[in-house]
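*Asks:* In numbering that gives the first Met the number 0, the protein residues as written are 0 to 202.
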Amino acid sequence: MKRSVAARVTGESDTGRAPRIGRSVRLIVTVALAAGFPLTVTPAPAFAHGATHSITPTAGAALAKAPQRVEVVFAAEITSDSSVTVTDHTGTDWAGGRPVVHGATLRHQVRADMPDGWYEISWRATFTDGHPVTGTAEFTVGAEAAAAAAANPFRARLTHGGVVALYAASGVAVIALLLAIMTLSRGVYAANKRTDADDGSTL
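1. Which stretch, first to last residue, makes up the alpha helix (DSSP H) that contains E143?
2. Taking the straight line between their C-alpha atoms, what separation do you get for A149 and M181?
3. Whole angstroms are fine: how far does the CA of A175 sit from the CA of W122?
4. In its own chain, which residues sit with a C-beta less than 7 angstroms from the C-beta of P66, not counting the 5 before and 5 after it?
5. So P98 is in the beta strand (DSSP E); what residue range does that whole segment cover?
6. Do A144 and D112 have their C-beta atoms within less than 7 angstroms of each other?
7. Helix, strand or coil: which one does DSSP assign to T89?
8. Where does S82 fall in DSSP's three states?
9. Bridge partners of A60, per DSSP?
10. Would DSSP call T133 helix, strand or coil?
11. The beta strand (DSSP E) spanning T51 covers which residue range?
12. If you reduce the DSSP assignment to three classes, tell me which class R106 lands in.
13. Are E76 and T127 closer than 7 angstroms when you measure CB to CB?
14. What separation, rounded to the nearest whole angstrom, lies between the Cα atoms of T104 and A58?
15. Residue range of the beta strand (DSSP E) that A124 falls in?
16. When the Cα atoms are used, what is the spatial distance from E137 to V173?
17. Which residues does DSSP list as the beta-bridge partners of R68?
18. When the Cα atoms are used, what is the spatial distance from V140 to W117?
19. Would the beta-carbon of D85 fall within 7 angstroms of that of I54?
20. For A147, which option in A61, G129, V72, W93 has the closest C-alpha, if you only look at C-alpha atoms?
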């Protein structure tokens, strides 16, 4: 009689707890995927071709005098509707004339009267297969502007390599979280089964 009651209690507990645990696990996994999926998927178009090979002036460059032009070299050919701007802290664009696209190179002349200060190169390009890419890089002209930028930690920007590393680390973190959730759920479920079995055996 005790054995049949224990079996009945254990069976009822398993059938009651298993669906609840299963639903909880699915909910947690869904939330984790919703949080991590954009991090691992969103940058695919931007980095489909490795984005850029080089930027001139280089990101973070401190120039003694203003450059004559800015140039962004991509990892694949781009279309002629690609564009680039060179703006200062007021938002004024110092790029002069029209941009020139030659294969994978986007080039734009800079106005000759560019003063010393902080500048941001911003580009928007489309690869010939239709994938868009955007990006920015900062540089300074003049010693005073370089010193001010170096003293301001909020001017720090992620480089292309840093962005790739950030997304990769985010993806690894999401996978590790999912594995931890699955392992914890199995442990909780096993512990509940043992507890139910022990309770049933004492009846």
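Glycine included, every Cβ here is placed at the ideal spot set by N, Cα and C. Just so you know, these numbers come straight off a predicted model, no measurement behind them.
*Replies:* In this structure, then:
1. 142-150
2. 46 angstroms
3. 35 angstroms
4. P56, V109
5. 94-101
6. no
7. coil
8. strand
9. F138
10. strand
11. 51-55
12. strand
13. yes
14. 17 angstroms
15. 116-125
16. 31 angstroms
17. Q108
18. 6 angstroms
19. Inspection of the sequence shows that residue 85 is occupied by Val rather than by Asp. Not a contact, by the Cβ cut-off of 7 angstroms.
20. A61
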